[in-house]
Amino acid sequence: MAVSLLGSAVLTAGCGLGGSGTEASRDGAIPKPQVDCDVPDQNVDDKPVDKAKLSGEIRFATSSLKKDFGGFFNPLIEKFEKEHPGVKVKWEDTPTADDVDARMVNDAQTCVMADVVNVASSTVMALTKANMLMDLDVKAPGSGKDFLPDVWGKLGFGAQGHHTVYPWYWGPLITTYNKDLFTKAGLDPEKPPKDWDEYVASSKKIAEASNGKYQAVWGNTEWTFVDEWAGLGVQLMSPDDKQFTFADDAKAQKWLTDMADLYKAGAIPKDSVTGQPDPSQAYSAGTLAFGSPNASFLRNVKQNASALYPKTGVGPHLKSTGGSVLFAGQYIGVSTTTKNAPLAMEFAQYVTNAENQLAWAKDPNVVIFPSSTTALNDEFFDVPEGSDPFQRARGAAAEAAKEGKVVVGQFYVTGKINSVITENIQKAISGQKDPKKALADAQSESNALLKRLG
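1506 is the number that our numbering gives to position 204 of the sequence shown; each next residue is one higher, with no gaps.
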């Protein structure tokens, strides 16, 4: 039974699904994972974890953080160990790889997953449905109160709708643009678009003024379409989150029709539709009006296109009426098989508390944003008069972050499902498919994958 569960979980780690149901057991206790080791009773009973006495050692696993952020996390861990004499936290960091999700699921199944784990959104559902992450509502009641309400409130994927992960760091999308190209198109360089319709209108004007010398919008939307749909208020899935419904939503149809129209109008570089998802190179070359929608992008511009940096404008997250700011971040979970639940739970809460989230956001080597309401309201994110583009970008992203919301469907748009939707979008943008037909095909194929992987 354990082998079949592992196979299912590994398959679905790339598709956002888990390998087993999340119904509670008949006696009301937390469901046990089907694993090849003994699960401590205290990890699955109905009592909170007792953290009164901490001792022993735990492992903390992250992905691709040690190289750039060892200077932050090593002292953070040392501080924790000093606050709790006699404990030891061993930090393990794995480089990002295509199979990182599958490897984490495999580690969980074979009982070698770390006690505290950094979980990507693509893996949350797989581990949760396989009951590999501790029930935080039972084992640490009330511990999610400081997280953004529309994030924490939507993360109940476990048995009985309970939480299994703490939200951690993320980066909401904003708008970056070339002021000179705005001016050439007759647009006010100090008034960036505020919503999708203004974005499309600006892009068309830029295309009309360019005579083919430059374009407005990057064509590969693989990294951004879910965010843009959320900003428009597209209903990605049915209310019960059982099937995709985006093709039936007029807002998704309009979005893809608009993209196809921009392509026809010359606002999108033709080779960008199926090219790399990152527009940084084209923007830095001065041939693209809208840059990457990440605050960290401004650092890249400052370093690699210094003449363009002061000419780069910053605008808000593109959110239309009824839309939301998609929380697409990283998470922290505690393994159900941990042999040291008290220490693991204490450390998971330590890493994600407001003080330490804010401390990391202030690290000069990173551009991230907290999931803690308290941290986001810190004056660090205020934008003083005369700020440079990077400071304005950080301020705009922080404002957007306060409205962060989890859209459950995003956890399913990974792996093969993401590829299916992206490929159909690309065909519609480049004129190979009617937009409505492309969305319908993407939805049908995605729902077939959901049904097959159930």
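Here a beta-carbon is modelled for each residue, glycine too, at the ideal position from N, C-alpha and C.
Pull the bridge partners of residue i from the DSSP assignment, please.
i, result
"M1434", "M1434 pairs with nothing; no bridge assigned."
"V1418", "F1362, V1636"
"T1398", "Answer by DSSP bridge pairing: none, since T1398 is not bridged."
"W1393", "F1362"
"P1666", "Paired residue(s): none; P1666 is not in a bridge."
"T1477", "G1617"
"M1539", "F1546"
"F1671", "W1472"
"F1449", "S1674"
What do you reckon, are the CB atoms on residue i and residue j nearer than 8 Å?
i, j, result
"N1749", "F1546", "yes"
"V1418", "A1646", "yes"
"A1532", "G1593", "no"
"V1351", "A1442", "yes"
"A1587", "A1509", "no"
"T1478", "T1614", "yes"
"Q1659", "S1674", "yes"
"F1671", "A1695", "no"
"Q1517", "L1620", "no"
"G1521", "S1574", "yes"
"Y1633", "V1528", "no"
"H1579", "E1648", "Here residue 1579 turns out to be Pro, not His, going by the sequence shown. No. Outside cutoff."
"D1448", "T1676", "yes"
"E1747", "V1722", "yes"
"G1446", "H1465", "yes"
"K1368", "D1395", "yes"
"V1502", "D1560", "yes"
"D1348", "V1426", "no"
"V1669", "A1597", "yes"
"A1703", "V1616", "no"
"D1665", "F1374", "yes"
"K1707", "L1628", "yes"
Can you give the Cα-Cα distance for residue i and residue j, rounded to whole angstroms?
i, j, result
"L1429", "A1410", "8 Å"
"D1743", "N1726", "7 Å"
"I1268", "P1333", "Past the boundaries of the shown model lies residue 1268; the chain is included only from 1303 to 1756, so the question cannot be answered."
"L1564", "K1506", "7 Å"
"P1495", "T1623", "14 Å"
"T1526", "E1705", "18 Å"
"L1741", "V1709", "19 Å"
"L1319", "Q1712", "Bear in mind that a pLDDT of 33 at L1319, under 50, signals an unreliable position, so the model cannot answer this."
"P1644", "K1353", "5 Å"
"S1512", "L1489", "13 Å"
"A1562", "T1412", "47 Å"
"A1326", "S1366", "Per-residue confidence for A1326 stands at a pLDDT of 42, beneath the threshold of 50, marking its modelled position as unreliable; the derived number appears in the next sentence. Between A1326 and S1366, the C-alpha separation is close to 35 Å."
"G1577", "N1679", "38 Å"
"T1324", "G1455", "Because T1324 carries a pLDDT of 39, less than 50, the predicted location of this residue cannot be relied on, and no value is offered for it."
"N1376", "P1469", "21 Å"
"A1730", "P1541", "27 Å"
"K1738", "Q1555", "6 Å"
"L1610", "G1473", "23 Å"
"A1363", "A1416", "6 Å"
"G1631", "S1732", "30 Å"
"F1371", "W1662", "9 Å"
"E1687", "Q1693", "10 Å"
"E1530", "P1595", "11 Å"
"S1582", "T1485", "21 Å"
"N1420", "P1691", "31 Å"
"N1655", "P1335", "28 Å"
"L1584", "V1653", "Note on identity: in this sequence residue 1584 is Ala, with Leu being the wrong assignment. Going by the C-alpha atoms only, they are around 37 Å apart."
"D1340", "K1718", "34 Å"
"F1682", "Q1745", "42 Å"
"P1491", "L1450", "33 Å"
"D1736", "P1342", "55 Å"
Taking only beta-carbon positions, decide if residue i is within less than 8 Å of chain D.
i, result
"S1732", "Looking for chain D here will not work: only one protein chain is present."
>> If we require 3 or more residues per run, which beta strand (DSSP E) segments fall completely within the region 1588 to 1648?
In response: DSSP runs (the beta strand (DSSP E)) wholly in the region 1588 to 1648: 1614 to 1617, 1632 to 1636.
> Are at least three pairs of beta-carbons, each pair with one atom in the region 1433 to 1449 and one in the region 1629 to 1646, less than 8 Å apart?
Replying inline: Cβ pair count under 8 Å is three or more, so yes.
> Would you say the region 1381 to 1401 touches the region 1354 to 1366, given that touching needs at least three Cβ pairs under 8 Å?
Replying inline: Because the criterion of three Cβ pairs below 8 Å is met, the region 1381 to 1401 and the region 1354 to 1366 touch.
>> Can you confirm whether the region 1599 to 1607 touches the region 1393 to 1407 when touching is taken to mean that 3 or more C-beta pairs between the two stretches lie within less than 8 Å?
In response: By the C-beta criterion, the region 1393 to 1407 is judged not to be in contact with the region 1599 to 1607, since fewer than 3 inter-stretch pairs fall below 8 Å.
>> So within the region 1454 to 1525, which uninterrupted alpha helix (DSSP H) runs reach at least 4 residues, ignoring any that extend past its ends?
In response: List check, alpha helix (DSSP H) in window: 1481 to 1486, 1498 to 1512.
> Whole alpha helix (DSSP H) runs in the region 1671 to 1708 with 4 or more residues, listed along the chain?
Replying inline: Segments of the alpha helix (DSSP H) lying fully in the region 1671 to 1708: 1675 to 1678, 1691 to 1703.
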